[in-house]
Amino acid sequence: MTSPPALLPSRSPIAAIVLGWLIPGGGHAYGGQWGKAILFFSLICALMAAGMVIGGGTVILHYRLWFGAQLCAGGPTMALLPISQYFAASAPIDWANRFNEMGTLYTAVAGLLNLLVVMDAYLMLAHPQRSKENA
Numbered sequence: 002m003t004s005p006p007a008l009l010p011s012r013s014p015i016a017a018i019v020l021g022w023l024i025p026g027g028g029h030a031y032g033g034q035w036g037k038a039i040l041f042f043s044l045i046c047a048l049m050a051a052g053m054v055i056g057g058g059t060v061i062l063h064y065r066l067w068f069g070a071q072l073c074a075g076g077p078t079m080a081l082l083p084i085s086q087y088f089a090a091s092a093p094i095d096w097a098n099r100f101n102e103m104g105t106l107y108t109a110v111a112g113l114l115n116l117l118v119v120m121d122a123y124l125m126l127a128h129p130q131r132s133k134e135n136a
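The sequence shown begins at 2 in the working numbering and counts up one residue at a time.
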């Protein structure tokens with residue numbers, strides 16, 4: 002007599018939100034979609050790094066308006082915040098510099114993109130039947 006296959010433990014959509022915010026693509030990795038997780042991690046971290054390089058390292062500052070969008074990237078923003086503050090304290094920032102604005106925009110887009118990725122990971126686990134219908 003064969004026993005029925007063991008069911009995988011259900012995954013928490015809230016855990017996917019937290020993991021996806023801490024590490025871009027973490028929610029998808031938690032849900033078992035490693036391809037998407039690696040793709041999202043690579044794209045979001047590359048956008049954050051490109052923004053920091055283009056902006057001269059002073060684009061993630063907690064007192065700027067765009068910080069809210071940048072904060073949606075979670076872990077990478079928290080890791081780059083002290084670096085950005087260090088560069089901002091070492092020299093005055095030229096706020097009219099177009100490269101600073103482009104770098105800020107890159108990092109803000111990375112944060113908003115991560116917000117969409119986190120929502121996708123949540124929906125993948127909260128409504129698994131929708132994922133199977135779309136496949």
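We treat Cβ as the ideally placed atom computed from N, Cα and C, and that holds for glycine.
Since the structure is predicted, the reported quantities are computational estimates derived from the model, not experimental observations.
Inclusion of A89 and L124 in the CB contact set at 8 Å is not warranted, their separation being larger than that value. Under the 8 Å Cβ criterion, the segment 68 to 84 does not count as touching the segment 31 to 39, having fewer than three qualifying pairs.
Shown here, S85 sits in a helix according to DSSP, grouped into three states.
The criterion of a C-beta distance shorter than 8 Å is not satisfied by F42 and G21.
The C-beta separation of I24 from G104 comes to about 22 Å, leaving the pair out of contact by the 8 Å criterion. Non-local C-beta neighbours of M49 in its own chain, meaning closer than 7 Å and more than five positions away in sequence, comprise A74, P77, L81, T108, A111, ordered along the chain. If you draw a straight line from the Cα of P14 to the Cα of K37, it is about 17 Å long. Counting along the chain, the unbroken alpha helix (DSSP H) around I18 starts and ends at 14 to 23.
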